[in-house]
Amino acid sequence: TLNRFAALAMVNGIRKQSEGLSDVAVYISGGGLHNPLLFDHIKRSLPTCKVESFATLGINPDAKEAVLFALLANETLVGNKSNVAQIKDSPAVCMGKISLPE
C-alpha cells in the first residue's frame with residue numbers, strides 16, 4: 030500500500046543516516062504520529078531502534094515546526110553558526126536574522 034511505501038521510504042532514510050551508530054532513537058511527530066498504521070510500519074521495520082512519540086521528550090508532537098523555529102532563533106541569538114558539511118567550502122552562517130522595529 031501507499032502507507033507501507035511511505036514508511037519504507039522513511040525507514041530507508043533513517044537507516045542510511047544512522048549507519049554505524051548504536052542506540053538509535055526515532056521520534057515521530059505530526060501527521061505520521063496520528064496514523065497508527067504508519068507508526069506501526071515504521072516501528073516494525075526498525076526493530077533495533079527505539080521508536081516513540083515526540084511527546085516522550087516533553088514536546089507536543091504537533092508543535093514540531095514551532096520548536097524548530099525556536100531552536101533556530103536561539104542559535105541565532107547566541108551566535109552559533111553552522112554550515113552544510115556535504116557542500117565543499119560552504120560558509121558558516123547563522124540560520125536566521127533578527128529584525129527589530131525602528
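Numbering-wise (the numbering used here), the sequence shown opens with residue 30 and increments by one.
Glycine is no exception: its CB is placed at the ideal position from the N, C-alpha and C atoms.
Nothing here was measured: the structure is a model prediction, and the numbers come from that model.
Cβ-based neighbour list, residue i, same chain, cut-off 7 Å, excluding 5 preceding and 5 following
i	result
phenylalanine 68	Ile57, Gly61 and Leu62
Residue i in three-state terms, based on DSSP
i	result
isoleucine 88	coil
alanine 54	strand
lysine 45	helix
glutamate 131	coil
lysine 110	coil
serine 74	helix
lysine 93	helix
Cut-off 6 Å between Cβ atoms - residues of its own chain near residue i, not counting five sequence neighbours on either side
i	result
valine 53	Ser47 and Cys78
asparagine 32	Leu66 and Leu67
alanine 84	Pro90
Counted within 10 angstroms of its Cβ, other Cβ atoms place residue i as buried (16 or more) or exposed
i	result
isoleucine 127	exposed
alanine 36	buried
Those residues which DSSP pairs with residue i across a bridge
i	result
serine 119	Note: serine 119 sits in no beta bridge, so no partner.
lysine 79	Ala54
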